[in-house]
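In my numbering, the protein residues as written are 399 to 550.
Note that beta-carbon positions come from the ideal geometry of N, C-alpha and C, so glycine has one too.
What follows is a short report on a single structure.
Have a look at this one:
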């Protein structure tokens, strides 16, 4: 229509749909992802279980052969397995307290994980803030276009 309402409603509908897809994927996705609080809550039943920690796992202390990781207010010690020791030796010099990591590990005992794979996410917070700034800039441009009456 000429007044632009279908364009605005269509745009908002698309945003709502994308938000719903993101929520569904995060909540009910097929990836078997655990959190440190969930692992700690399982207690001894988690021993021997392979876990994947992928979001907001923060290094709070460095150890000789691993680190202490925190997520959701809970902490666990992470040791490095022999299969990734060479990767650990290369990465540990650049790893700092406060860095974010993702890892696949096996629960060896209550409060102890043995990393089988890990990845350090350098500059993760900066990337998040840059993404937010880009989103706000795009929203501002759209807002200005709608205010001028250009519903492209």
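What does the alpha-carbon distance come out to for the pair residue 407 and residue 423?
Roughly 24 Å between the two C-alpha positions.
Rounding to the nearest angstrom, what Cα-Cα distance links residue 520 and residue 547 in this structure?
If I take the Cα positions, the gap works out to 42 Å.
On the three-pair Cβ rule with 8 Å, is the region 522-531 touching the region 460-476?
Touching, no, given that fewer than three Cβ pairs across the two stretches are closer than 8 Å.
I'd like to check one pair, residue 500 with residue 455: are the Cβ atoms closer than 8 Å?
The answer is yes: Cβ separation under 8 Å.
Alpha carbon to alpha carbon, how far is residue 511 from residue 517? Give it in angstroms, no decimals.
Roughly 15 Å separates the two Cα atoms.
With C-beta atoms as the reference, is residue 476 less than 8 Å away from residue 464?
Yes, the Cβ-Cβ distance between residue 476 and residue 464 is below 8 Å.
In angstroms with no decimal places, state the Cα-to-Cα distance between residue 409 and residue 514.
Computed Cα separation, rounded: 44 Å.
Tell me whether residue 541 sits in a helix, a strand or coil according to DSSP, three-state version.
Three-state result, residue 541: helix.
Whose CA, out of 420, 467, 535, lies closest to the CA of residue 452?
Looking at the Cα atoms, 467 is the closest of the given residues.
Do residue 439 and residue 505 have their C-beta atoms within less than 8 Å of each other?
Going by C-beta atoms, residue 439 is not nearer than 8 Å to residue 505.
Given this structure, state the Cα-to-Cα distance separating residue 494 from residue 540, to the nearest angstrom.
The alpha-carbon atoms of residue 494 and residue 540 are separated by roughly 40 Å.
Which same chain residues end up closer than 7 Å to residue 372 when comparing Cβ atoms and leaving out the 5 residues on each side of it in sequence?
Only positions 399 to 550 of the chain appear in the structure, and residue 372 is not among them; the question remains open.
Mark residue 480 as exposed unless 16 or more other C-beta atoms lie within 10 angstroms of its C-beta, in which case mark it buried.
When all chains shown are included, residue 480 counts as exposed.
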